[in-house]
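Undergrad:
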C-alpha cells in the first residue's frame, strides 16, 4: 500500500527552494507550478482508490499532516500510516466492512466488527430461551431418569450458547489478551462435544434400545471426554481432523438410535442433523461469505430447536406414548 505525506510539507520545501531564484514573481511561479503538478497527481490517484482517515485517533503530528486531506499526494519513502487508515480499493470497500480476507488454514480468521457483533448476537439471543426450555423439561419429568436426562440435556444446550457467546465477546472486546482468548476458544470447542452427548442423552436413557446398542449410553460420554482431551492437547493443530471428530461424534449415536423399537422422533432428529451438516458449509466459509460464522450459528440454533421439539413432544409431553426402560 502506497503511503502518504501532506502536500503542504512538499510545497513548503518548494517555496524555500525557490527563494534563491529571484523576486516574488519567480517564487510564486515555482510555487504554483509545484502545486498544480501535485494536484494533478492526486486527481489521477483518486480515480482508482478511496482514502479513509480518522484524524481524531491519530497523534498530533499526524493530525497536522491530515489538516487538509484534499492536498494529500502519494510519495515514496514516507512513513506509512496505520493499516486502518490506508487506502481501500473500490471493489474491496464493502468487503472490508462486512468480511475480511480469507486466511490460510493454519491460521484463524479475524472477523470484522460487524461479524463479531453478529457472532455474539446469534447465540446470545438463545441463552434465555434454552434455559427456559430446559426448565420446562424438568417440570414435565415424571421419574428420576427423566429428571436426570432433562438436567443433562439442559446443561448441554444452555452451556453451548453461553460459552459460545462468552468466547465471541472476549474475542471481540479482549482480543489483545491472547491467552484468555485462547482458553475461551478451547472451552467453546470442548462444550460442543458435551452438547452432542447431551442431545442424545434423553433418547438413550428413556427409550428402549437394541441389545447391541445399550452401551452407547455411557460410550457417548467417553467420546465427549476424549474429544475434549484432544482439544486441550491439540487445539487448532488440524482443523480438518477437528471437523471430522465432531461429525463422527454426531453420526455414531444416530446410527444406534435406528435400533429403537419405537421410531417416533427419528424424522425430527434427521431434519435437525441435516441443518447441522448444511451449517458446516458456512462454518468453513469464513473470508468467502460475509457473516459466514454467524450463519453457521443460525443453522446450529435451528437444528437444536428441532431436536428440542422432538425431545419435548415424544419423550416429555403429556400423553405421549413412549416405551420406558425398566430400571
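Numbering (the UniProt record's numbering), first residue to last: 1 to 327. All residues carry an ideal CB built from backbone N, CA and C; glycine is no exception. Predicted model, so just to flag it, every value in this text is computed and none were measured.
Should residue 261 and residue 220 be called a contact, given that it needs their Cβ atoms to be closer than 8 Å?
TA: No, they are not a contact pair.
Undergrad: Please classify residue 296 as buried or exposed, where buried requires at least 16 neighbouring CB atoms within 10 angstroms.
TA: It is buried - the Cβ of residue 296 has at least 16 other Cβ atoms within 10 Å.
Undergrad: Looking only at C-alpha atoms, which of 185, 290, 149 and 176 sits nearest to residue 165?
TA: Measuring from the Cα of residue 165, the nearest candidate turns out to be 185.
Undergrad: Excluding the five sequence neighbours on either side, which residues of its own chain have a C-beta within less than 6 Å of the C-beta of residue 304, listed in chain order?
TA: Nothing listed; no residue qualifies.
Undergrad: I need the straight-line Cα distance from residue 316 to residue 200, nearest angstrom please.
TA: Between residue 316 and residue 200, the C-alpha separation is close to 14 Å.
Undergrad: Given that a residue counts as buried once 16 or more other Cβ atoms are within 10 Å of its Cβ, and exposed if not, what is residue 226?
TA: Label assigned to residue 226: exposed.
Undergrad: For residue 289, which three-state DSSP category applies?
TA: Residue state, collapsed to three classes: coil.
Undergrad: Helix, strand or coil: how does DSSP classify residue 328 here?
TA: No information on residue 328 is available, as it lies outside the stretch 1 to 327 that the chain covers here.
Undergrad: Would you check if the distance between the CB atom of residue 114 and the CB atom of residue 134 is smaller than 8 Å?
TA: No; because the gap between Cβ atoms is not below 8 Å, this pair is not in contact.
Undergrad: Nearest to residue 174 by alpha carbon, out of 217, 192, 151 and 116?
TA: Taking only the C-alpha atoms, the option nearest residue 174 is 116.
Undergrad: For residue 289, which residues from the same chain have a beta carbon less than 8 Å from its beta carbon, with the 5 sequence-adjacent residues on both sides left out?
TA: Here the set comprises 99, 282 and 295.
Undergrad: Under a three-way DSSP split, which group does residue 179 fall into?
TA: Correct three-state label for residue 179: helix.
Undergrad: Could you give the distance in angstroms between the alpha-carbon of residue 105 and the alpha-carbon of residue 204?
TA: Taking the straight line joining both Cα atoms gives about 37 Å.
Undergrad: As an exercise, report each continuous alpha helix (DSSP H) stretch of at least 4 residues that is fully enclosed by the stretch 138 to 224, in chain order.
TA: Listed in chain order, the complete alpha helix (DSSP H) runs (minimum 4 residues) inside the stretch 138 to 224 are 144 to 173 and 178 to 206.
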